[in-house]
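**Student:** This is the structure I have questions about; it appears just below.
Residue numbers (this note's numbering): 3 to 486.
Shown next as C-alpha cells:
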C-alpha cells in the first residue's frame with residue numbers, strides 16, 4: 003500500500019474543498035452574514051493548514067494501483083463529508099454532530115435526505131454550501147482533482163473507476179486526465195445552461211444557482227420548504243424536469259454528440275432504454291392519477307413527469323406529495339428508485355446498464371437450458387460484455403440487496419411503520435432522499451435515532467461509491483503491504 007500517495011491525494015482533496023468553501027464565504031459577505039463568515043474563515047484556514055501538512059513532503063514512490071485507488075476514494079469521501087459538516091455544526095444551523103454529518107454526507111453523495119424541516123430560516127451562505135455539496139459530489143471531487151492536476155507516475159483511471167458510478171468506466175480519450183476534463187466541461191456547460199433558463203423563468207439569481215447545483219448533482223436540496231413546488235411555475239417545472247433527465251444520462255453519450263457521432267448517439271442502448279422507461283412511467287402515472295388526484299390530464303402529466311424524473315434520476319426535488327397518490331403510482335416510483343439513472347451520470351440507483359446486463363444474462367441462461375451447446379455473447383451497444391463484468395454485476399446485485407435488507411432490519415428498531423422504514427433505506431442507499439410515510443416529500447429524517455442516522459448515512463456512502471470502495475476500506479487485507 004502506497005500510503006505516501008494516498009496521503010498526498012487526500013491533502014489535495016482537502017485543499018480543493020477549502021477552495022470550494024471559499025465561495026460560500028463570499029456569499030456570507032454579500033448577504034452580511036458575518037457570524038457565518040467567521041465560521042467559514044476558520045474552517046477554510048484549518049483545511050489549508052492540514053492540506054499543507056499532508057502535501058508538503060512529496061511521495062518518493064508514485065506507484066498507484068487499484069487498491070490505492072479504492073482506499074483513496076473512500077477516505078477522500080469520508081474526509082470531505084467530515085469537513086463539509088463543520089459549517090452546519092459550528093454556525094449553529096444544525097446543533098448535533100451526527101445530524102450535521104448526516105446533512106453533509108447526504109449533500110456530497112447527492113442523496114438529498116435531510117433532517118431539516120425549516121430550511122428558509124437558515125443563512126443564505128449555509129444554504130449555498132448545503133446545495134453546493136451536491137454539485138461537488140455529483141461528478142466527484144477526485145475527478146476534479148484529476149482534471150486540474152497531473153498525476154505523474156500514477157494511473158488516474160483507478161480513481162475514475164472507483165469514484166464513477168456504473169459497472170464499467172472507460173476513457174473517452176487516450177488519457178484519463180483528458181477524459182476528466184471533458185466530463186467536467188460537459189457538466190459545467192449543462193449547469194450554466196440550466197441556470198440561465200431558470201433566470202429567464204423569473205427565478206432569482208441566487209435561487210437559480212442553488213437549484214442548478216441540486217439538479218446537476220441530482221441531489222435535490224432546496225432553499226424552499228416546499229422545494230421546487232414553492233415557485234408554482236409550469237415553466238420552472240419543465241426546465242428542471244428536462245435537466246434532471248439530462249443529468250441522468252451517461253456523459254459518454256454527450257461526448258458522442260460533441261464528436262458529431264450522431265448515429266452512435268441514437269444507437270446508445272442504455273440511453274434508449276433509460277428514455278423509454280422515463281416516458282412510459284410518466285404516461286402510466288399520469289393516466290393513473292387523472293381523475294383521482296388531478297382533474298385534467300395536462301395537470302397530471304406535469305406533476306407525474308416531474309416526480310418520475312426526480313425519482314428515476316435520484317434527484318429528489320418535489321412538486322407534489324406522491325405519498326398521497328394511488329398505490330400503482332407509488333409502487334412504480336418505488337421501482338424506479340432501484341433502477342436509477344444511467345451509468346456514468348451523476349444519478350444514483352443500481353443503474354440502467356446493470357439491469358440490461360442482468361436481463362440479457364437471464365435470457366442467455368434460458369437459451370442454454372433449451373440449447374445447452376449454444377454459445378451466445380452478451381452485448382451492450384454491439385460490444386461484447388466481458389464475463390468478469392457480467393459476474394461482477396450479479397455479485398453487486400446480491401450484495402446491494404443484502405445490505406438493503408440488513409439495513410432495513412436494523413432501522414426497524416425505531417418502531418416506525420414498514421413503509422417508512424423500508425423506503426428510508428431504499429431512498430438513502432439509492433441516493434434519492436424522499437421516500438414514503440414519514441420520509442415523504444413533505445417529511446424528513448429528523449425523528450430517526452442516532453443509530454439509524456449512522457446506518458442511513460453509511461448507506462448513502464455505499465450507494466454513491468457503489469459498495470466496494472467502502473467495504474474494502476473496512477477490510478484488514480486492503481491495508482497489508484504490497485509484496486513484490
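Yeah, the Cβ is synthetic: ideal placement off N, Cα and C, and Gly gets one too.
For residue 182, count the other beta carbons within 10 Å of its own beta carbon; 16 or more makes it buried, fewer makes it exposed. Which is it?
**Tutor:** Result: buried.
**Student:** Would you check if the distance between the CB atom of residue 323 and the CB atom of residue 443 is smaller than 8 Å?
**Tutor:** In contact: residue 323 and residue 443 (Cβ atoms closer than 8 Å).
**Student:** Quick one: measure Cβ to Cβ for residue 225 and residue 242, integer angstroms, because I've assumed they're closer than 8 Å.
**Tutor:** Not a contact, Cβ separation roughly 14 Å.
**Student:** Is residue 29 buried or exposed, if buried means 16 or more other CB atoms sit within 10 Å of its CB?
**Tutor:** Label assigned to residue 29: buried.
**Student:** Have a look at 249, 373 and 359 and flag the residue whose alpha-carbon is nearest the alpha-carbon of residue 390.
**Tutor:** If we check each option's Cα against that of residue 390, 359 comes out closest.
**Student:** Do the stretch 406–415 and the stretch 326–333 touch if we need at least three Cβ pairs shorter than 8 Å?
**Tutor:** In short, these stretches do not touch, since the Cβ pair count stays below three.
**Student:** Quick one, which of 452, 327, 119 and 248 has its alpha-carbon nearest residue 98's?
**Tutor:** That would be 452, whose Cα lies nearest to the Cα of residue 98.
**Student:** Which two residues bound the contiguous alpha helix (DSSP H) that contains residue 440?
**Tutor:** Careful: residue 440 lies outside any alpha helix (DSSP H) and carries neither H nor E.
**Student:** Give the straight-line distance between the Cα atoms of residue 244 and residue 348, rounded to the nearest whole angstrom.
**Tutor:** One C-alpha to the other measures close to 15 Å.
**Student:** Can you give me the Cβ contacts of residue 256 inside the same chain, cut-off strictly under 6 Å, excluding the 5 residues immediately before and after it?
**Tutor:** So the qualifying residues of the chain are 188.
**Student:** Quick check on the DSSP output: the alpha helix (DSSP H) that includes residue 468 runs from which residue to which?
**Tutor:** Where residue 468 is concerned, there is no enclosing alpha helix (DSSP H), given that its DSSP letter is neither H nor E.
**Student:** Would you check if there are 3 or more beta carbon pairs closer than 8 Å linking the stretch 79–99 to the stretch 9–20?
**Tutor:** With a cut-off of 8 Å, the stretch 9–20 and the stretch 79–99 count as touching, because enough Cβ pairs lie within range.
**Student:** Suppose contacts are defined by Cβ-Cβ distances below 8 Å. Is residue 425 in contact with residue 439 by that definition?
**Tutor:** Going by C-beta atoms, residue 425 is nearer than 8 Å to residue 439.
**Student:** In this structure, how does DSSP classify residue 248 when only helix, strand and coil are distinguished?
**Tutor:** If DSSP states are grouped into helix, strand and coil, residue 248 belongs with the helices.
**Student:** Roughly how many angstroms lie between the CA atoms of residue 281 and residue 274, to the nearest whole one?
**Tutor:** Cα to Cα, the separation comes out at about 11 Å.
**Student:** Tell me the DSSP secondary structure of residue 381 in three-state form.
**Tutor:** Looking at residue 381 - three-state DSSP - the assignment turns out to be strand.
**Student:** Can you give me the C-alpha to C-alpha distance between residue 154 and residue 114, rounded to a whole angstrom?
**Tutor:** Its pLDDT being 45, under 50, residue 154 is placed unreliably by the model, and nothing is read from it.
**Student:** Which residues bound the alpha helix (DSSP H) around residue 404?
**Tutor:** First-last of the alpha helix (DSSP H) with residue 404: 389–413.
**Student:** Can you tell me whether residue 109 is buried or exposed? The criterion is at least 16 other CB atoms within 10 Å of its CB, across all chains shown.
**Tutor:** Buried, since its Cβ has 16 or more Cβ neighbours within 10 Å.
**Student:** Might you give, ordered along the chain, the residues of its own chain that have their beta carbon closer than 7 Å to the beta carbon of residue 210, omitting 5 neighbours on each side?
**Tutor:** Excluding sequence neighbours, residue 210 sits near 197, 200 and 201.
**Student:** Helix, strand or coil for residue 33 per DSSP?
**Tutor:** In the structure shown, residue 33 sits in coil (DSSP, three-state: anything other than H, G, I, E or B).
**Student:** With DSSP collapsed to three states, give me the class of residue 292.
**Tutor:** Correct three-state label for residue 292: strand.
**Student:** In the DSSP assignment, the alpha helix (DSSP H) including residue 268 goes from what residue to what residue?
**Tutor:** It spans 264–268 - the alpha helix (DSSP H) in which residue 268 sits, taken as one unbroken run.
**Student:** With a threshold of 16 other CB atoms inside 10 Å of the CB of residue 156, please say whether the residue is buried or exposed.
**Tutor:** Its pLDDT being 49, under 50, residue 156 is placed unreliably by the model, and the measurement read from it follows with that caveat. Under this definition residue 156 is a buried residue.
**Student:** Between which two residues does the alpha helix (DSSP H) harbouring residue 309 extend?
**Tutor:** Residue 309 -> alpha helix (DSSP H) spans 299–314.
**Student:** Helix, strand or coil: how does DSSP classify residue 386 here?
**Tutor:** Three-state DSSP puts residue 386 in a strand.
**Student:** Just the C-alpha distance for residue 213 and residue 289, rounded to the nearest angstrom, thanks.
**Tutor:** About 29 Å.
**Student:** Note down the Cα distance separating residue 293 from residue 302, rounded to an integer number of angstroms.
**Tutor:** Approximately 9 Å, taken between the alpha carbons.
**Student:** For a quick check, are the C-beta atoms of residue 8 and residue 74 less than 8 Å apart?
**Tutor:** In this structure, residue 74 lies closer than 8 Å to residue 8 by Cβ.
**Student:** Would you report the Cα separation of residue 272 and residue 355, rounded to the nearest angstrom?
**Tutor:** One C-alpha to the other measures close to 6 Å.
**Student:** By how many angstroms is the C-alpha of residue 15 removed from the C-alpha of residue 234?
**Tutor:** Rounded to the nearest angstrom, the two C-alpha atoms are 39 Å apart.
**Student:** Cα separation between residue 287 and residue 126?
**Tutor:** Each residue's alpha carbon lies about 36 Å from the other.
**Student:** Is residue 210 helix, strand or coil by DSSP?
**Tutor:** Helix, per DSSP.
**Student:** Looking at the unbroken alpha helix (DSSP H) that takes in residue 136, where does it start and where does it end?
**Tutor:** Here the alpha helix (DSSP H) through residue 136 covers 126–141.
**Student:** Considering only their Cβ atoms, is the gap separating residue 317 from residue 222 smaller than 8 Å?
**Tutor:** Closer than 8 Å, so yes.
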